[in-house]
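Only one structure is covered here, and it is reproduced in the block below.
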Amino acid sequence: MKAIENQEYRNLLEQIAKGDTTSFAKLYDIFWPGLLQHISTKITNVQVAEDIVHDLFISLWNRRTTILDIESIPAYLYSACRYMILSYYRKNALTNHSGYELEEEIADREQPLEERLYYRYLLDMLDIEIEKLPEKCRQIFKLSRYSYLTNREISEKLSISESTVENHINKAIRRLRAVSKKHYIFFQLFY
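Here the numbering used here is used: the first residue of the sequence shown is 5, the next is one more, and so on.
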């Protein structure tokens, strides 16, 4: 099924590169709902979220002659959304939006755009999976990895043993590694 979808997307990209508006409309219809939903989780203003999706597709159409370089259109579109969300927050001086500080640092590095977008896509996948962790496990993992607390500090804060903290962190890492293999993510780069 995945191979069929990838081939269908590749065919659409080839037609779009030739200026086929019907193929572009089909691609738009396929991805519009999911992209809007994705953006709406980060930006609550529906009009702004819709504008971001429109701008993304306008940008894609404007660079249609070079889109054959895109290996995975879903990964590209979702990563581009993430980049546009960051731009929106930067323009509106909302710098404290949680979860994006690391990505802003990465965006400033001299990396090719495709690499930055793919990296953001990978971070998106990890964020989604972290939110799926059991509540206590997720809480401990975030305190460890996002707040940089030691196991001892976490155990004192939550009134649990250090070994329980360590077990939860290990459980989270095992689960994220298992999921990351499904998405071909090189998890070792992040943790």
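For glycine and all other residues, C-beta sits at the position ideal for the given N, C-alpha and C.
Note that the structure is predicted; figures quoted are calculated from it, not measured.
Nearest residue (CA-CA) to residue 57, options 76, 67, 70 and 33: 33
CB of residue 53 within 9 Å of CB of residue 40, strictly: yes
Exposure of residue 29, with buried meaning 16 or more beta-carbon neighbours within 10 Å: exposed
Residue 28 beta carbon near the ligand FMN (any heavy atom closer than 8 Å): The ligand FMN is absent from the structure shown, which contains no ligands of any kind.
Coil, strand or helix - residue 87 by DSSP: helix
Residue range of the unbroken alpha helix (DSSP H) whose run includes residue 45: Residue 45 -> no alpha helix (DSSP H), and no H or E assigned at all.
CA nearest to the CA of residue 144, picked from 136, 135, 158 and 132: 158
Secondary structure of residue 75, DSSP reduced to three states: coil
Status (buried if at least 16 other CB within 10 Å, exposed otherwise) for residue 113: Residue confidence is low: residue 113 scores 48 on pLDDT, short of 50, so the model does not pin down where it sits. Its coordinate-derived value is still stated next. Classification of residue 113: exposed, given that the 10 Å Cβ count is below 16.
Test item: CB-CB of residue 146 and residue 132 under 9 Å: no
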